[in-house]
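Novice: Residue numbers (numbering that gives the first Met the number 0): 0 to 148. Each residue gets a CB set at the ideal place from its N, CA and C atoms; glycine is no exception. Below is one structure. I have some questions about it.
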Amino acid sequence: MLSTTSTSLPHAVLVNAETATSFSSDRRFYDDANFPRGFKRSGDFTHKEAELLETYGVAMRALASGSRSAINEEEQHFIDAAKGHTAPTSTLEKLWQKYLKLSMGKPFYAVVGTTLMKASSRSESSVDTIEADIELAEDSDETIVEDVE
Numbered sequence: 000m001l002s003t004t005s006t007s008l009p010h011a012v013l014v015n016a017e018t019a020t021s022f023s024s025d026r027r028f029y030d031d032a033n034f035p036r037g038f039k040r041s042g043d044f045t046h047k048e049a050e051l052l053e054t055y056g057v058a059m060r061a062l063a064s065g066s067r068s069a070i071n072e073e074e075q076h077f078i079d080a081a082k083g084h085t086a087p088t089s090t091l092e093k094l095w096q097k098y099l100k101l102s103m104g105k106p107f108y109a110v111v112g113t114t115l116m117k118a119s120s121r122s123e124s125s126v127d128t129i130e131a132d133i134e135l136a137e138d139s140d141e142t143i144v145e146d147v148e
């Protein structure tokens, strides 16, 4: 008979002992706007990075935005790295830079002259655009036939 036992991993993956007190928060961090399926399922973060973001993300966002002041040297260095004054050296600093880069989204390269449309109006306006293109093509075909004769 097979029995399954679950070994539970701790929810907080600590970077070092000081991090447990310095980046403390009573809530977990989620970014449903940019990562609607969560950090783990997005495919952009490793399991460890996702755990660190969920555990310390609220504190990192507050420190980076300036709504929370640093309580020790590690948090002050994080603030300096978030502002770009120093290069990110710790795991959390590098992770926050990665999160910011990924949350900005991928650049959208459009063909010159196109306009961005909302998804709901795309079907109606694309039909109008196709009809206008057909009319232009028919008009240009008629002028070509007239030029040949």
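1) Going by alpha carbons, who is nearest to residue 62 out of 108, 78 and 70?
2) Looking only at its own chain, which residues have a Cβ that is under 8 Å from the Cβ of residue 93, when we skip the five neighbours before and after it?
3) With a threshold of 16 other CB atoms inside 10 Å of the CB of residue 51, please say whether the residue is buried or exposed.
4) Alpha carbons only, please: which of 65, 55, 43 and 34 is nearest the one belonging to residue 28?
5) Using C-beta distances below 6 Å, list every residue in its chain close to residue 41, excluding the 5 sequence neighbours before and after it, in chain order.
6) State the CB to CB distance for the pair residue 36 and residue 57, rounded to an integer number of angstroms; the pair is presumed to be in contact (CB under 8 Å).
7) Buried or exposed: residue 99, going by 16 or more other Cβ atoms within 10 Å of its Cβ?
8) Using three-state DSSP, classify residue 79 as helix, strand or coil.
9) For a quick check, are the C-beta atoms of residue 69 and residue 75 less than 7 Å apart?
10) Determine the burial state of residue 22: buried for a count of at least 16 other Cβ atoms within 10 Å of its Cβ, exposed for fewer.
11) Just checking my contact of residue 31 with residue 101 at CB under 8 Å: how many whole Å lie between their CB atoms?
12) With respect to the alpha helix (DSSP H) encompassing residue 56, which residues constitute its N-terminal and C-terminal limits?
13) Would you report the Cα separation of residue 39 and residue 97, rounded to the nearest angstrom?
14) If you draw a straight line from the alpha carbon of residue 24 to that of residue 108, how long is it in whole angstroms?
15) Out of 103, 71, 135 and 91, which has the shortest C-alpha to C-alpha gap to residue 20?
Specialist: For this structure:
1) 78
2) 87
3) Residue environment analysis places residue 51 among the buried positions, since at least 16 neighbouring C-beta atoms fall within 10 angstroms of its C-beta.
4) 55
5) 34
6) With 8 Å as the limit, residue 36 and residue 57 do not qualify as a contact, their Cβ atoms being about 19 Å apart.
7) exposed
8) helix
9) yes
10) Around the Cβ of residue 22, a 10 Å sphere holds 16 or more other Cβ atoms; the residue is buried.
11) Their Cβ separation, rounded to whole angstroms, is 14 Å, which puts residue 31 and residue 101 out of contact at 8 Å.
12) 46–64
13) 14 Å
14) 39 Å
15) Of the candidates 103, 71, 135 and 91, the one whose C-alpha sits nearest the C-alpha of residue 20 is 71.
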